[in-house]
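Residue numbers (this note's numbering): 3 to 219.
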């Protein structure tokens, strides 16, 4: 019997609340910048830290972290799956829905994420939001026409790790209203230089013209 494609997401279905999600899929024991280098050793494609850890590295101000997020180009997703091999179990997280990222389900959306754990009995250790590509360049998933060489949107810190630029890390948080995201903005905005503030002002203006950040950028 030929293999059947997965059923589509039911209309009106909503992601599980956090406690229910934990019950069905398990919890987290995330890596951190001190352990991610060893984890990624042998992966020969570009990768970089995003999210809260990128903001903390730039500001030097400690903050709480729920997990560690790194990103890779979406065109390198298959290479990442091959790199993990049988040592780790990758899943594709897309808008609150999880399914295995294996030979059965190799096609994943460029704007989705890859979650990684050893197996079903162990916690998740890494979240890898994919970055879309345009002719091999980094592409802003919120502004698809905005593309740039990876070297222009990331920086290498004194720990040897590549991080997303701080203004981009903050831009990706603009749609969220969590208290920690507001704190990130309060800590980071005064530390941005004029070019970084100009980039952030333009990007926020194009996506959220009513956003309160525009009053102080």
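The C-beta atom is built at its ideal place from N, Cα and C for all residues, glycine as well. Source: prediction; values computed, not measured.
In the DSSP annotation of this structure, the continuous segment of the beta strand (DSSP E) that includes residue 126 starts and ends at 126-133. Between residue 94 and residue 116 the beta-carbon gap is near 6 Å, inside 8 Å, which marks them as a contact.
Along the segment 26-58, the beta strand (DSSP E) occurs as fully enclosed runs of 3 or more residues at 50-52, listed in sequence order.
In this structure, residue 39 sits away from residue 166, with a CB-CB distance that is not shorter than 8 Å. Bounds of any beta strand (DSSP E) do not take in residue 112, whose DSSP letter is neither H nor E. When Cβ pairs closer than 8 Å are counted between the two stretches, the segment 118-135 is seen to touch the segment 79-99, the count reaching three or more. Using a Cβ distance threshold of 8 Å, residue 168 and residue 57 count as a contacting pair. A distance below 8 Å between beta-carbons, with the five flanking residues on each side excluded, links residue 206 to the following residues of its chain, in chain order: 173, 176, 213, 215, 216 and 219.
Under the three-pair Cβ rule at 8 Å, the segment 126-138 counts as touching the segment 65-83. One Cα belongs to residue 84, the other to residue 209, and the distance between them is close to 35 Å. If you draw a straight line from the Cα of residue 162 to the Cα of residue 24, it is about 34 Å long. Per DSSP, the beta bridge partners of residue 119 are 91 and 126. Of all alpha-carbon atoms in 82, 60 and 98, the one lying nearest the alpha-carbon of residue 46 is that of 82. The residues 159 and 165, in chain order, have a CB closer than 6 Å to that of residue 59 in the same chain once the five nearest residues on each side in sequence are set aside. Per DSSP, reduced to three states, the secondary structure at residue 150 is strand. Excluding its 5 nearest sequence neighbours in each direction, residue 55 has C-beta neighbours in its own chain below 7 Å: 35, 67 and 70, listed in chain order. Under the 10 Å beta carbon count, residue 140 is surrounded by 16 or more other beta carbons and is classified as buried.
In this chain, the beta strand (DSSP E) harbouring residue 157 covers 156-158.
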